[in-house]
Each structure stands twice: as structure tokens, then as C-alpha cells.
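Student: Input: one structure, supplied below.
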Amino acid sequence: DIAYNGTPGSSGFGSFEFNDHNGDPAIWTLSEPYGASDWWPCKDTPADKADSSEVWVTADEFFVTVSNGNLIAEINNGDGTKTYKWKNSYPIAHYLISLAMTNYTLYENYFEYEPGKQMPVVHYNYPGNWNSTRKNQEDHCITMLDVFSDIYGLYPFIDQKYGHAEFSWGGAMEHQTVSTMGFFYESIMAHELAHQWFGDKITCKDWHHIWLNEGFATYSEALLVERLYGKDAYNNYILGEMASAKSANGSIWVQNINSVDEIFSSSRSYSKGSVVLHMLRGVVGDENFFNIIKAYSDDPDLAYDVAETSDFQRVCETVSGMNLENFFEDWIYGEKYPKYAYGFSVDSVANGYNVNLSVDQIQNTNLFWMPIQINVKTSAGNNTFTIWDSLKTQNFTLFVENYPTQIQFDPNNLILKETTDKIINPALNQGILLVNAIDWKIGDALISSYENEAFWGDTKISFWDLFSEPTSGYPSSLPEPIGNGSISNFSISNYSTVIWLSEFLSNDINVWQNLAIMDYLNEGGNVILITKRGKDFISEPMRDYLGITWDENDYSLIKDLKSAKDGFTNIELLKDNSSVSLFSTELNKISSELLYESEESFTSPKGSGVWSKPDGKGQFVYIAARPYSLDPIDLRTNIQKLLVEGMGELVNIDGDNKVIPTTISLGQNYPNPFNPTTT
């Protein structure tokens, strides 16, 4: 025996605390990670578990004392004091030994784990906080015990108890068999209960591997949500953890275990640790994953002992039969997460189509080895593929029988990542695509512009509407839309010219920003953007492409749009435009020409229209105005000139599918009668 006495210290999260609730005294401990030695002599490492523990406390009879294991004696000493004796018969990490003392109100219910066999579930509540809401919360613990016992194996201390002891701290702690609770929300109750398997039954060998405790407990919250509320709720829960995980710095393997904040980094040890398990599930599949978790919990070398990441990796590889060295190296010992840039083109081949998929990893950290699900949407349905990506740039060929219209990259969100959709080898062979990004609620002015074909003149167009069809139907001048809502890069890549009409009163800015407009321009696609808020739409690379310098005033009022280029006419404004993004009339690219300028109300003209025509690339036109505020006849004349004479688009004859050619040339005759090798 070791005799010791003194006043306990308090470090970390509050290793030994004296405080109160509603004026009543309370005493509690929270020793993780380095606080146990503040109040009892111990070997301060989780690597060496005690084979059992007993906590005896003699205190004023006011106090109800709670600790690990079973209450083997409650003795009234006859002098105004009571002695509580608690005995835990299982191996226990030093930091999990605890006590909590105050004038608790006890609520007890039972977990029936087999017919006729029950384990007590005890809840020690502050008297002032005991009510029907708390009772419902604590009754819900029985459901959680049932769920986790089904997933992980039977509750690991089934012949003792589980329970909660309330304390005055803004969190909770998974003390073995009795979690100390500052709150009783479902997620935190699930988290601390899951720790009884991962943290208490199997404890991280040292604080470098704390994710084996906290990542598992956090992921258990998501598994409970999935079991009780369905897969969609689970996916939403994981999205929240992923958002947090993206802010994590450093590796999940904690490098500085002298820092409590580093050990218990919520974004890294908790959120990213849980997301690693979500991703592992995606890599090995559901059946393997849940077999892994049970095998890990029951592993004879680890159960009621300690583990490090290599132990868990061993179990994963044994059960799944997969080599997961790269997975653990990337996600546990590496940093950050992959950032993918991807795009695809389509080739027609015998009996179907090849989808040529290009994937780049553009992050500045290590490359990641991951299987990635790719969903190819076709005219006949969906085709799902799994590619294995591990390089800076990788190309894949996916065969489908029907024409592909879209791909979804990691559609089930199995990977912590960021993605950028890119355009590669665009077809650019389907003429003009007019994209309406203006709410039809604008009314008559917008309808009139469409009826007068102000935005395309006599050219042939396809039409995409970011909005739903107006209640009165589409103007008769428009073809049926090929799509509604958000538009993809692949959709625009089929067209040689995209005309984008924006009011900026809708969310079209988000759709625009998600498109690879610069890729499209660099690959030879033409863009006409008509919006009053160009500065919000035009990124820095786009501004440089146009060769403009923004006006010192972010937004201006304009009253006119005067032609600045021969062959183009003034465009009357039907109404003054406010909040317009203008630019200097002095352009800084020889490939750019000033189209329009606004003079009225300014001391010197300001640029309100520009046309960029770089060699070997697409043309880019920006007109700074509300599209429907421009006189439709004036605009029609100028737009048609841009499209036909400038961009080489074709003109309809009487609105049918016939077109007027703009150039005539003679090609090689075929077959060639003077060449005997021709057939």
C-alpha cells in the first residue's frame, strides 16, 4: 500500500475540481490526458493499464459518491459521514479512474441484453436538473446500448453497469462504466457511450494515436444517426464532420503530445478521425467494414488492453484481404486532403462511347491513393465505375453503350476532398447556347426582349434556363429548353458560343463560378456575358483575358451605351441602370477592342462593352448592362453582327433548320477517280 495525502492539483481540463451547482457543493475529476497524478500516485501513461481498481470515499453524508464499476458498499459511519466503496474488476487506464460527488438524484433503468438478463443503467443527476426531458434523454440511452452492442459486440462491462454522473463542465468524459456529463444531447451521449468500446475497452497506447479513441467515438455518432434516422441523415452528419475536418492542420497522428490542445484538436482527432473511418468503409465496402470493427473490438491482443494505429491497420488488412498501407500512410500520417480537378470528353466507338476521364491532384501536400466512384449519366440511365487514382495526373477510359451526358465524381461523398470540374477537348460543334439566368418574374421587359430575339438575332440557338418555365409558358421565339437548373461544363463544352444573360438577383453567380469558363475560352469556345455586375462574375484571369481595368468605383449609374467600334450602333437604354461594373476605356491587350462606352453623367467616358479576340482561343464579350433594359432592336442588330461576322455562327432561314453559309470553299473530291488507291 502507498499512503499519501494533500490537496489535489488541477490541470488540463480540470483533473480534480471543487465547485457547486445551485449553491450546493460538487466534486469531480477529469484526468485525461495528464491529470491523474494530480490526485493519486500513478504511472501516468495509458500504455500500462491497472488490472482493476477500487475507489473508497468517506465524506459528509450530504454527498452521493459515484465511481467506476459496481458499488460494493455504502456505509453510514454514524458520525455524519458516509463511505462509498466502488470496485471495477476490469483492466482500466489510469485516466479513466474517476469520482463524482454531490447530492445526486439517482434515476435507474435497465438494458436487457438477452431475454431475462439485464444490466443496470444508472443516472446521477443534479436535483434541480431532473425532469421529464432529462428522463427521456436518459431512457434513450437504452436504445443506444442496443444499437452499439449490435454493431460492435455486447457492451464490454456488461456484468457491472453503465451510467452518467452530471458535472459542471462544458463537455463530457468517458470514465469507464460511468460517463461524466455536462450535457445530455443525443450526440454527446452516443459519443461517450461508444468510448466504452473504443477508449475504455481498447485504449490508445499513447496520445499520438488518440484518434483511435476520439475518431471512433465521433464516427459512432454518425452510425447511430444512420441506424435511427436513415442513410440521408447519416450523409448529412458526415458532411458536417467533413467541413470541420478540412480545417485540420497536421497529421491525425499527433506530433506534439505535450500539448493538450494538439491532442484534442476537434477538427483533426475527432472530425478527421471519424471521416477516415467513413472513407475506410467506402474503400473496403460495408460488409468488410463492419466485420473489421467487430474483429478489432474482439481482438484477443487488444481487447481490454491498448492499441496503436498499426494494430488497427493489421485487423483491417486481415479481414478485408486488402493492402491498406497507402490508405493509412496518406490519411493518418499524411496531412490535409486531395483536391481533384477532373474533366472528360467523349469518343464514339463501336457499340458505344468511350468516356475519356482526366483526373489531376492539385493539392500542395502529398498525393493520395484512393478508389473513386464515377457515375456516368447516359441517355438510357446510369453507369457506375470505380477508378484507382494515385498520381498527379491520370487518365482513364470508361466505356458506355449509350451517349453520356454528365459524370458525377464521388457521387456518394466517400472521400474528404475538394473538386474542380474542368473542360478538356470540348466538341464545340453544336452552335450557340443561350443561357437564361434571369428570373421570369421580371415580367414584360424580359418577355419583350425574348420575343424580339434581342439576344441572338437571326442565328440558330439552343436554350438552357436556370429557372423553371414561366407560368405563361416560354415566349414563342424560344426553342424548347434542353435543360433547366444548374448547367454542367460538359453541357456548355458541346457549343461553340455561350450567351449568358444575368440580372444578378438570383443564384446564377454560383452556377457561373462553378463552370470552367477559362478552360472553355482557352479551348476555343466563345462567351458573350451580358450583366450589370461584371465585377462579380469576371474573375481575375477573365479580367486579364478581356484586357480591362476596373473603374475605381465598383458600381456606377449608366444612362447610355454608345458604340465605340465601327460597324456597331448605339444601344438605347430603356431605363437607367444602377450598380453597373464599368472599366477604363484604355485597354491593356492588343487582342481586345472597346465595343461600347457610357458618357452621360461622367466627366470622361467609361467602358461598358469589350470584345476580346486572342489568336487561337475563344472570343469573350462583356456588355455591362441589364440585358432586358437594352432596346431589343438595337441589341439584336449588334449581337447578330458579333455572332455572325465576328464568331462565324450561322444564320437561320425563316426560322427553320436551314442556315446561310458565311463562307464557301472546295474540298477534295471523293472518291478520286485519278487516284487508284481510293475506293
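My numbering puts the first residue of the sequence shown at 4, with every later residue one more than the last.
Each residue gets a CB set at the ideal place from its N, CA and C atoms; glycine is no exception.
These numbers come from a predicted model, not from an experiment.
1) Give a yes or no on whether the C-beta atoms belonging to L327 and Q316 are separated by under 8 Å.
2) Can you list, in chain order, the residues of its chain with a C-beta nearer than 7 Å to that of E600? Leave out the 5 residues immediately preceding and following it.
3) Using only the alpha-carbon positions, how far apart do I441 and N405 sit?
4) Measure the beta-carbon distance from I241 to H281 and round it to whole angstroms, keeping in mind my assumption that it falls under 8 Å.
5) In whole angstroms, give me the CA-to-CA distance for S479 and Q643.
6) Please classify S182 as buried or exposed, where buried requires at least 16 other C-beta atoms within 10 Å of its C-beta.
7) Any chance the CB of Y37 is under 7 Å from a heavy atom of the ligand GTP?
8) Are the Cβ atoms of G276 and E217 separated by less than 8 Å?
9) Going by DSSP, what residues sit across from E421 in a beta bridge?
10) Tell me the DSSP bridge mates of M147?
11) In three-state DSSP terms, what is G384?
12) Taking the straight line between their C-alpha atoms, what separation do you get for W372 and N359?
13) For G324 and chain C, any beta-carbon pair shorter than 8 Å?
14) Within its chain, find whatever has a CB closer than 7 Å to the CB of N261; leave out the 5 residues flanking it on each side and keep chain order.
15) Which residues share a DSSP beta bridge with L532?
16) Over what stretch of residues does the alpha helix (DSSP H) that includes Q516 continue unbroken?
17) If you draw a straight line from the C-alpha of A50 to the C-alpha of K425, how long is it?
18) Output yes or no for whether 8 Å exceeds the beta carbon distance between K88 and M122.
19) Are F507 and T534 touching if we call contact CB-CB under 8 Å?
20) Quick check on DSSP: helix, strand or coil for L549?
21) On the DSSP bridge list, what partners appear for G233?
22) Ends of the alpha helix (DSSP H) at T408?
23) Would you check if the distance between the CB atom of L102 and the CB atom of V150 is smaller than 8 Å?
24) Checking the sheet assignment: what are the DSSP bridge partners for I561?
25) Return the CA-CA distance between S250 and M545, expressed in angstroms with no decimal places.
26) Pull up the DSSP beta-bridge partners for Q376, would you.
27) Just the C-alpha distance for I266 and W515, rounded to the nearest angstrom, thanks.
28) Cutting at 7 Å between CB atoms, please list the residues of its own chain near D511, excluding the five before and the five after it.
29) Going along the chain, which unbroken runs of the beta strand (DSSP E) with 3 or more residues stay wholly within the stretch 56-109?
30) Give the DSSP-derived three-state secondary structure of C45 in the structure shown.
31) What's the C-alpha gap between P635 and Y625?
32) For A220, which of helix, strand or coil comes out of DSSP?
33) Quick one: residues in its chain with C-beta nearer than 6 Å to the C-beta of I490, no 5 flanking neighbours on either side, listed in chain order?
34) Just the C-alpha distance for A448 and L283, rounded to the nearest angstrom, thanks.
35) Tell me whether K661 sits in a helix, a strand or coil according to DSSP, three-state version.
36) Going by the beta-carbon positions, is the gap between K52 and I5 smaller than 8 Å?
Tutor: From the atom records:
1) yes
2) K565, A567, T588, P608, K609, G610, S611
3) 33 Å
4) 5 Å
5) 19 Å
6) buried
7) In the structure shown, the ligand GTP is absent, as is every other ligand, since no ligand is present at all.
8) yes
9) K342
10) Answer is none; M147 lacks a bridge partner.
11) strand
12) 20 Å
13) Going by chain labels, chain C is absent from the structure shown, which holds only one protein chain.
14) none
15) W503, Y625
16) 511-516
17) 49 Å
18) no
19) yes
20) helix
21) DSSP lists no partner for G233.
22) Careful: T408 lies outside any alpha helix (DSSP H), inside the beta strand (DSSP E) at 407-412.
23) no
24) N580
25) 29 Å
26) T389
27) 41 Å
28) A440, L469, S505
29) 56-63, 67-70, 73-79, 84-91, 102-105
30) coil
31) 17 Å
32) helix
33) W467
34) 55 Å
35) Bear in mind that a pLDDT of 44 at K661, under 50, signals an unreliable position, so the number given afterwards is only what the model happens to contain. In the structure shown, K661 sits in coil (DSSP, three-state: anything other than H, G, I, E or B).
36) no
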